[in-house]
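Residue numbers (my numbering): 475 to 1200.
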């Protein structure tokens, strides 16, 4: 829409979550939104003329980066909500082509500036740090040949903290970036395969380099345009530089922070203060093309400038807009006519003024004519008021799928007790803290301190089933709950009892008393299993006990001694059950090693067998569809998989920060928790997927129980019990 000398942005689409990046792919726009704590980011494709955005990939973390390759869209996914942090888990680089998503590289930290070129992918990322180290980034340039294994380490093309590395772009067969040369902000150039960088532009920093800056830059075949300021000057300057001669021309002064800059043969364009500006290279005149103050990212073709804008309702949203490029200045006006040409009309409330030209085919305040205004949830399409994106017709009315709790993300998806934020249901707290939890179809059972309680999944009403000295763990079978009661000590000073409890709490039966430090309980094949100490606090290894569920007999007490080197020093980490087969995970945090043992309860004489040893410190395991999945601890944790009958181990995700709880669902999906001190993140690896998706926050810094019931996900930890609709 054009109003006198200024064209207003035309909204092409509105989607949930904050904007990240936008690029062109032939006749389409490709853009991404970033994840937040309650909602994952999405990769979209959108026609340049607008319409319904096509979802290419859902499940991105904060600040994803994009690049268009010959047959695919490349995406750098941080795997973290809110912001990319060096102290958190690492992300990955993905390749998205049609419905297929493949993993290009795992274990990436804040990867950005993706450049596919000459049989390899080059990018910029930061050196990982721990929570206790400096958060100052140490950027480096990485390069990975096409076809390399996802866990292959990329080559270090360049790394020098003194120079810094920001805003990496390709320039022919070279790379250009901005950083520092000593105290001076500078632009550097280097062959894309590596070498010694040289300074293209340097701005004197003087005594205080923080008073200088080189903010943004862009380049074509012959020229470079950049925004910078020196210590002796006020404001920012747009400068045009010949790459052949080094001659520079200051084109304009700019107030405010510049978010992005671009140029073509006639104009330089930039975003400052969220508004798009254009400067005519011939006349040096400039004009403000937009005035909404929300623009962040900019791409161009020969007719339009396309922007990603951040707007906020209850939660951040991304507006995709375009504004027509101005014509080169030939007369007084900035290339626009005050005369209205159809479908533009003059719509003015002042009879003594020439009204602005508005496009009545798409202006929501003048839809079809100057007098018709569309409703709050409507937009104007072809002169008719329709539901405005992200709203759509659900039933008989327009609803905002980004915030409607009864239609969250799509019609009919109810968030229940949770709220709808950005098209995803946020977790709702439905219970107090819990150290363990289990479920059946209608009830969630949990242990909190001395009590075992039941929580109705529909009414969220809570009743107490029983009181114990300390309810350490619990599990469930088709008939009863099984509770591990301890006294709160350690080793032999923490004797415990295994109880069977009726689901309504009417009967609590002690099955096995005076067990040394019992924990990690499970049921399988009509037996109850638990882990206990060998006898006292210094005795290793742990013991896996299996016993009759009616309390009649201990059927076996099994230890891993002699099954593999170091078994006598390993601690029990987790138990997983598949029919009559039990898998026992053990680990040693000091040696960063572990093992998986297998126990077949149907065997004539059940005994432990070594399935595999691990060269990492394991945290938890689960089994689904004949595969075991294991998370490992530490700042360099991974997700592993291997066949349940034994075989080669595969790394499915790397660079995880202290990965922990892992669970699976009957459809073959695997979910796990990882994250740093800012909170734990829930990830999903769907069946057949090449990489995981970020689905939300676990609302806890501690280990948590994950429970799934249809489209509901429950988390239970010391922060409380939460439910979220997936």
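Idealized CB from N, CA, C, for every residue including glycine.
Closest in C-alpha terms to residue 1098, from the list 1045, 1160 and 1128, comes 1160. For residue 930, the three-state secondary structure derived from DSSP is strand. Of the residues assessed, residue 652 falls on the buried side of the cut-off, its CB having 16 or more other CB atoms within 10 angstroms. Counting C-beta pairs closer than 8 Å gives three or more between the region 1082–1092 and the region 1108–1119, which meets the contact rule.
In summary, residue 759 is exposed, with fewer than 16 beta-carbon neighbours lying within 10 Å of its beta-carbon over all protein chains present. Between residue 1046 and residue 1096, the C-beta spacing is not below 9 Å. Where residue 942 is concerned, there is no enclosing beta strand (DSSP E), because DSSP gives it neither an H nor an E. Leaving aside the five residues that flank residue 730 on each side, the residues in its chain whose CB is nearer than 6 Å to its CB run, in chain order, 746 and 747. Rounded to the nearest whole angstrom, the CA to CA distance from residue 572 to residue 884 is 22 Å. Between residue 909 and residue 923, the C-beta spacing is below 9 Å. When beta bridges are read from the DSSP output, residue 699 appears opposite 692 and 714. Secondary-structure assignment with DSSP links residue 1101 through a beta bridge to 1098 and 1117. Shown here, residue 754 sits in a strand according to DSSP, grouped into three states. With fewer than 16 other Cβ atoms from the protein chains shown falling within 10 Å of its own Cβ, residue 777 counts as exposed. Per the DSSP secondary-structure output, residue 1142 pairs with nothing in a beta bridge. Going by beta carbons, residue 549 and residue 538 fall inside the 9 Å limit. Residue state for residue 1110 is assigned as coil, using DSSP reduced to three classes. Listed in chain order, the beta strand (DSSP E) elements of length 3 or more contained wholly in the region 986–1043 are 993–998, 1001–1006, 1017–1022 and 1028–1032. Taking 9 Å as the cut-off, the beta carbon of residue 955 is found closer than this to the beta carbon of residue 976.
In this structure, residue 1049 sits away from residue 1055, with a CB-CB distance that is not shorter than 9 Å. Between the C-alpha atoms of residue 615 and residue 699 there is a straight-line separation of about 23 Å. Of 657, 694 and 946, the smallest CA-CA separation from residue 677 is found for 657. A Cβ-Cβ contact shorter than 9 Å links residue 770 with residue 784. According to the DSSP assignment, residue 666 belongs to no beta strand (DSSP E), since it is labelled neither H nor E.
Residue pairing by DSSP places residue 898 opposite 895 in a beta bridge. The C-beta distance from residue 1126 to residue 1116 rounds to 11 Å, too long to meet the 8 Å contact threshold. In the three-state DSSP reduction, residue 488 falls in the strand class (E or B). In the structure shown, residue 737 adopts extended strand secondary structure according to DSSP, grouped into three states. In the three-state scheme derived from DSSP, where H, G and I count as helix and E and B as strand, residue 821 is classed as coil. The alpha carbon of residue 904 has as its nearest neighbour, out of 895, 887 and 927, the alpha carbon of 927. Between residue 854 and residue 837 a beta carbon distance of about 6 Å is seen, short of the 8 Å cut, so the two are scored as contacting. Straight across, the Cα-Cα distance linking residue 1017 with residue 961 is about 19 Å.
Here DSSP, grouped into helix, strand and coil, assigns residue 1065 to coil.
Beta-bridge pairing by DSSP links residue 950 to 955. Measuring C-alpha to C-alpha distances from residue 1170 to each of 524, 1199 and 674 identifies 1199 as the nearest.
In the structure shown, residue 502 falls within a strand segment according to DSSP collapsed to helix, strand and coil.
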